[in-house]
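Undergrad: Taken in sequence, the protein lines are chains A and B. Just so we're aligned: the first sequence equals residues 1 to 458 in my numbering. Just so we're aligned: the second sequence equals residues 1001 to 1458 in my numbering.
Number of protein chains: 2
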Amino acid sequence: MAQVQKPSIPKGTRDFSPEQMAGRNYIFDVVKGVFKKFGYKPIETPSMENLSTLLGKYGEEGDKLLFKVLNSGDAFSSLSEGDFQQLNSNALSLKVCEKGLRYDLTVPFARYVVQHRNEITFPFKRYQIQPVWRADRPQKGRYREFYQCDVDVIGSTSLMNELELVQIVNEVFNTFNINVCIKINNRKILAALAEVMGFPEKMVEITIAMDKIDKIGLEAVKEEMLSAGIDERGFNILSPVLTSTGTTEEKLALISSIVSGSEIGRKGVEELTVLFDLISRAGIRQKVEIDLSLARGLNYYTGAIFEVKALDFAIGSICGGGRYDNLTGIFGLPDVSGVGISFGADRIYDVLAGLDKFPKEAIGGTKVLLSNMDSHSVTYLLPLANELREKGVCCEIYPDNSKLRKQFEYGEKNSIPFFVIAGETEAASKTVNIKNLQTGEQVTLPIEEAAEFLVSNK
Amino acid sequence: MAQVQKPSIPKGTRDFSPEQMAGRNYIFDVVKGVFKKFGYKPIETPSMENLSTLLGKYGEEGDKLLFKVLNSGDAFSSLSEGDFQQLNSNALSLKVCEKGLRYDLTVPFARYVVQHRNEITFPFKRYQIQPVWRADRPQKGRYREFYQCDVDVIGSTSLMNELELVQIVNEVFNTFNINVCIKINNRKILAALAEVMGFPEKMVEITIAMDKIDKIGLEAVKEEMLSAGIDERGFNILSPVLTSTGTTEEKLALISSIVSGSEIGRKGVEELTVLFDLISRAGIRQKVEIDLSLARGLNYYTGAIFEVKALDFAIGSICGGGRYDNLTGIFGLPDVSGVGISFGADRIYDVLAGLDKFPKEAIGGTKVLLSNMDSHSVTYLLPLANELREKGVCCEIYPDNSKLRKQFEYGEKNSIPFFVIAGETEAASKTVNIKNLQTGEQVTLPIEEAAEFLVSNK
């Protein structure tokens, strides 16, 4: 006899139950609907990419977090005893693995654009919702498999695209009925700040330290900068930016006065000014503000950067992105500018669940359960089930001829609101009993009136 | 400078373009909608399962086709030089890989049911639409990554479930407007045939040979059986079954007369009789027939088996499944009966494309393109774009201030039916020009009438 296994799944991965799936599908349906309304189109790329496509795109740390897939067939035939003795684990793995699992959607998108450049009409507006895999140490809220939900337009430098992404974020969170703040900055301004501070080569260190202002305060940021080699004079130039709290106009005026000597700085201020002018004309209901300390980690951003925070629920950023000027260069197509954002489905799920904002009709399942008293009365109910489904009502007939009590319990445990009961007597009199499982109310109706009753009652 | 790579994807995998995605999403939306109407709920399981969950479940050949994922971190540290010298490639791979990619949705579903048995209300009706991976040799129509689309009910032996699956198949293909034939047989009858033929232990060989009757004809099937060790007497018992062409009643009478001496045979005939009686009462529009030569390869089936063929398009089966009595036993939960079917999304796509049955409205994208003549007139059009989206119309503003000819071309290449053009003159007179890109017709309207015009015109 086969050995019995205790079932489990790999750490950092998840099963999704019907209840969780209902919430997740609601989220994906909303974002897809909004993307579509703004003219974005779906693509999908393979779960496995060639390792040559992935390696070196996410930094040294990212390379380590790639899941590698063992070559099929006799994977180890290409490995000699000399290899085994001389090579380290990483070099060995590259001898037996040619493929890796997708780490994000951005690099596969860049690869897709270059590979299909002759079929694509630019500007190309695409969205992509697929899982990605990272061999991170699993912890609360961090998984080894999770969905990303990206929307990008590539092949256009117009700030109308940035506006459109802000409109999309606005409409998505309006639909979710979640209050957010959309924070915007511009990488050109960060580059200009590093320049006028006298440390253009230290932009990364400066932005990393700036990013911590909310958590550790001004003094600690100063200390971190000084120990990174920034001098007191440089820090003093930056200091008013870190503590600025005014209106959009005041912030733009402040930063303009600081970086006016820098060409890239003037460009950054102009971009932000134009974008906020467009935003003011576009009927955005959510809060939008300039956050001059916003940096975003990814080095490929070159213009506007975005981050979205929920206002009524404590959680990290639930959406973010920015403009990149040369993502496709590594695959042989230089100078194609794009801008995109990514929605964090797991965190949005937590916010909707935490604020109890999942709409009942969106996550509801079956509305009507039909009884199974015996083989005759169950066929009596078949036409009613057909009629209900034709009218768009989700319904199910209890499959087994079990005790009515058990059928009731099934309906209750599955939160089905209505239970239609018919046995011999009802079949003879062409009626059904309809019980509301929430209120306990019960009515007897002619069977031909049942569908209409069930459609109109909630 | 970084080396430029020629982009490519692993063999047997695919990118899906927006056009392909539109068709695929249409298919998934239809099946999901039907599943939901019959009370089935979605689950998802991780892409990676522990190899211990997968190995030994798909036969020796299946084990070879599993994609294994290299352990993260220092995968080779667990491998000694002795291992390397003594172990074969397969044993070595198990030393460095603990996880594999999902091979189908059935085994993960069985694992899910056992692992979550205490949270599940039985009968449990679930559907699951996710990709699976197989290291098969790629060829036309066979991929290393493809979606499966499974619907199962587990924890009920009632034939009402078999009926429901037939109803689901019927409704799915009615919605697709595709004519199909739903072929049904019962594994118990196949077992009984092997029994009355005198070769109960050769059921697999018999069914494999029977399955070929349409392709190779009666004589060749006979030869194959004889060389598999079946005798002439045994074959003569089977022969009338292979050539039966009558009505459902005639086929049931024929098979009943042959297997009436076998207990499992009588049970199989009874199951088929009850199921076809239910089917005759359920308002099924598609063709349903008994196919006594239908076998289905998978050994875990124990009752009804199904296969669906398109009638107007030459392609293999586009849907199939059956009842299994002990799928969860291997994970420690014996005697739980289930029945399910799987829709072949790739083949259904080919049928819909081949018969030109994708509905235009389902696969259509943006309806309205708005022009971008200059920064002033583009903000003039922003409220119209908002109004259109509020009314559910997908629209986009051309992002760049390019030549009108280029904007036209973008609209045409993306099959956008309407182009709204407004420059300085129109902004001053509060009008827009609306061009129908299919007919070439153009009208000038007050801007406040534009949305209504675009909503009502097709």
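No residue lacks a Cβ here, since even glycine has one placed at the ideal position from N, Cα and C.
Buried or exposed: where does Ser-1227/B fall if 16 or more other Cβ atoms within 10 Å of its Cβ makes it buried?
TA: Walking along the second sequence from the start, residue 1227/B turns up at place 227. Classification for Ser-1227/B: exposed.
Undergrad: If you count every other CB in all the chains shown that lies within 10 Å of the CB of Thr-1366/B, and 16 or more means buried, which is it?
TA: Translated into positions along the second sequence, residue 1366/B becomes position 366. Buried: at least 16 other Cβ atoms inside 10 Å.
Undergrad: What is the residue span of the alpha helix (DSSP H) that Gln-1020/B lies within?
TA: Your numbering for residue 1020/B matches position 20 in the second sequence. Start and end: 1018-1037.
Undergrad: What span of residues does the alpha helix (DSSP H) with Val-420/A cover, start to end?
TA: As a position in the first sequence, residue 420/A is number 420, starting the count at 1. Counting along the chain, Val-420/A falls outside any alpha helix (DSSP H), though it belongs to the beta strand (DSSP E) covering 418-421.
Undergrad: Compute the distance between the beta-carbons of Gly-322/A and Arg-296/A, then report whether it is under 9 Å.
TA: Taking the first residue of the first sequence as position 1, residue 322/A is located at position 322. Taking the first residue of the first sequence as position 1, residue 296/A is located at position 296. Less than 9 Å separates the beta-carbon of Gly-322/A from that of Arg-296/A.
Undergrad: Does the beta carbon of Asp-335/A come closer than 9 Å to any beta carbon on chain B?
TA: Numbered from 1 along the first sequence, position 335 holds the residue referred to as residue 335/A. False, the Cβ-Cβ gap to chain B never drops below 9 Å.
Undergrad: Quick one: list the residues of chain B neighbouring Gln-86/A, beta-carbon separation under 8 Å, in chain order.
TA: Position 86 of the first sequence holds residue 86/A. In chain order: nothing, as chain B lies at least about 12 Å away.
Undergrad: Would you call the segment 1357-1374 of chain B and the segment 1140-1148 of chain B in contact, with 3 or more CB pairs under 8 Å?
TA: The segment 1357-1374 of chain B, when compared against the segment 1140-1148 of chain B, does not touch it at the 8 Å Cβ threshold.
Undergrad: Looking at the unbroken beta strand (DSSP E) that takes in Ile-1237/B, where does it start and where does it end?
TA: Counting from 1 along the second sequence, the entry for residue 1237/B is found at position 237. Premise fails: Ile-1237/B lies in the alpha helix (DSSP H), 1232-1242, not in any beta strand (DSSP E).
Undergrad: Return no unless some Cβ of chain B is closer than 9 Å to the Cβ of Met-21/A.
TA: Here the question's residue 21/A lines up with position 21 in the first sequence. By this cut-off, Met-21/A is an interface position.
Undergrad: First and last residue of the beta strand (DSSP E) that includes Gln-1128/B?
TA: Residue 1128/B sits at position 128 when you count from the first residue of the second sequence. Start and end: 1124-1133.
Undergrad: What do you get for Ile-1120/B, buried or exposed, if any count of 16 or more other CB atoms within 10 angstroms of its CB means buried?
TA: Translated into positions along the second sequence, residue 1120/B becomes position 120. The C-beta of Ile-1120/B has 16 or more other C-beta atoms within 10 Å across all chains shown, which makes the residue buried.
Undergrad: Need the endpoints of the beta strand (DSSP E) that Gln-1086/B sits in, please.
TA: On the second sequence, residue 1086/B is found 86 positions in, with the first residue counted as 1. Careful: Gln-1086/B lies outside any beta strand (DSSP E), inside the alpha helix (DSSP H) at 1081-1086.
Undergrad: Starting from Ala-1450/B, find everything on chain A with Cβ-Cβ shorter than 8 Å and list it in chain order.
TA: Residue numbering aside, residue 1450/B sits at position 450 when the second sequence is read from its first letter. Near Ala-1450/B there are no residues of chain A at all, since even the closest Cβ is about 17 Å away, more than 8 Å.
Undergrad: Quick check: what's the CA-CA separation for Ala-192/A versus Ile-168/A?
TA: In the first sequence, residue 192/A corresponds to position 192, counting from 1. In the first sequence, residue 168/A corresponds to position 168, counting from 1. Rounded to the nearest angstrom, the two C-alpha atoms are 29 Å apart.
Undergrad: With a threshold of 16 other CB atoms inside 10 Å of the CB of Gln-1085/B, please say whether the residue is buried or exposed.
TA: Taking the second sequence and counting its residues from 1, one reaches residue 1085/B at position 85. By the neighbour-count rule (16 or more Cβ atoms within 10 Å), Gln-1085/B is not buried but exposed.
Undergrad: Any heavy atom of the ligand ZN closer than 8 Å to the Cβ of Cys-149/A?
TA: Among the components of this structure there are no ligands whatsoever, and the ligand ZN is therefore not found.
Undergrad: Where does Asn-1071/B land, buried or exposed, given buried means 16+ other C-beta within 10 angstroms?
TA: Along the second sequence, one-based indexing puts residue 1071/B at 71. It counts as buried.
Undergrad: Is it a yes or a no for the segment 1340-1352 of chain B touching the segment 1016-1033 of chain B, going by three-plus beta-carbon pairs under 8 Å?
TA: yes
Undergrad: Can you list, in chain order, the stretches of the alpha helix (DSSP H) that have 4 or more residues and sit fully within the segment 250-293 of chain A?
TA: 263-281
Undergrad: What in chain B is Cβ-close to Cys-97/A, meaning under 7 Å?
TA: One-based indexing of the first sequence puts residue 97/A at position 97. Simply Leu-1070.
Undergrad: Using a Cβ cut-off of 8 Å, which residues of the segment 100-120 of chain A contact any Cβ in chain B, in chain order?
TA: So the close ones are Leu-101, Arg-111, Tyr-112, Val-114, Gln-115, His-116, Glu-119.
Undergrad: Looking only at its own chain, which residues have a Cβ that is under 6 Å from the Cβ of Asp-1063/B, when we skip the five neighbours before and after it?
TA: Position 63 of the second sequence, counted from the first residue, corresponds to residue 1063/B. Counting only Cβ-Cβ distances below 6 Å, and skipping sequence neighbours, we find Leu-1055.
Undergrad: Please confirm if Thr-13/A has its CB atom under 9 Å from at least one CB of chain B.
TA: Position 13 of the first sequence holds residue 13/A. Cβ-Cβ to chain B under 9 Å: yes for Thr-13/A.
Undergrad: So which residues of chain B does Ile-43/A contact, with C-beta pairs closer than 8 Å?
TA: As a first step, residue 43/A must be located in the first sequence, where it is residue number 43. Asp-1015, Phe-1016, Ser-1017, Pro-1018, Met-1021, listed in chain order.
Undergrad: Kindly indicate if chain A contains any beta-carbon less than 9 Å away from that of Asn-1372/B.
TA: Here residue 1372/B refers to the residue found at position 372 when the second sequence is read from its first residue. It does; some Cβ of chain A falls within 9 Å.
Undergrad: I'd like to check one pair, Pro-123/A with Pro-1399/B: are the Cβ atoms closer than 9 Å?
TA: If you number the second sequence from 1, residue 1399/B lands on position 399. If you number the first sequence from 1, residue 123/A lands on position 123. Their beta carbons are under 9 Å apart, which means Pro-1399/B touches Pro-123/A by this criterion.
Undergrad: Using a Cβ-Cβ cutoff of less than 7 Å, which residues in the same chain neighbour Ile-1237/B once the five nearest sequence positions on both sides are dropped?
TA: Position 237 of the second sequence, counting from 1, holds the residue named residue 1237/B. Closer than 7 Å at the Cβ level, and outside the excluded window around Ile-1237/B, lie Val-1196, Met-1197, Ile-1258.
Undergrad: Alpha carbons only, please: which of Glu-49/A, Cys-394/A, Leu-190/A, Pro-383/A is nearest the one belonging to Leu-101/A?
TA: On the first sequence, residue 101/A is found 101 positions in, with the first residue counted as 1. Of the listed residues, the one whose Cα sits closest to Leu-101/A is Glu-49/A.
Undergrad: How would you write the range of the alpha helix (DSSP H) that Met-225/A sits in, first residue to last?
TA: Against the first sequence, residue 225/A aligns to sequence position 225. 213-227 is the span of the alpha helix (DSSP H), which, as asked, contains Met-225/A.
Undergrad: Using a Cβ cut-off of 7 Å, pull out every chain A residue sitting near Lys-1413/B, in sequence order please.
TA: Taking the second sequence and counting its residues from 1, one reaches residue 1413/B at position 413. Within 7 Å Cβ-Cβ: Thr-121.
Undergrad: To the nearest angstrom, report how far apart Ala-450/A and Thr-1328/B are at their CA atoms.
TA: Residue 450/A sits at position 450 when you count from the first residue of the first sequence. Residue 1328/B sits at position 328 when you count from the first residue of the second sequence. Whole-angstrom Cα-Cα distance: 39 Å.
Undergrad: How should Gly-303/A be labelled, buried or exposed, when 16 other C-beta atoms within 10 angstroms of its C-beta is the threshold for buried?
TA: Position 303 of the first sequence, counted from the first residue, corresponds to residue 303/A. Buried: at least 16 other Cβ atoms inside 10 Å.
Undergrad: Near Met-1001/B, which residues of its chain fall below 6 Å by C-beta distance, leaving aside the five closest residues on each side in sequence?
TA: Translated into positions along the second sequence, residue 1001/B becomes position 1. In this predicted model, Met-1001/B has a pLDDT of only 42, less than 50, meaning its place in the structure is not dependable; the value taken from the coordinates is given anyway. So the list is empty, once near-sequence residues are dropped.
Undergrad: Val-180/A by DSSP, collapsed to three states: which one?
TA: As a working note, residue 180/A is residue 180 in the first sequence. Three-state result, Val-180/A: strand.
Undergrad: Using 8 Å for Cβ pairs, my map puts Phe-1453/B next to Ile-1434/B. What's the rounded Cβ distance?
TA: Position 453 of the second sequence, counted from the first residue, corresponds to residue 1453/B. Position 434 of the second sequence, counted from the first residue, corresponds to residue 1434/B. Contact holds; Cβ gap of about 7 Å.
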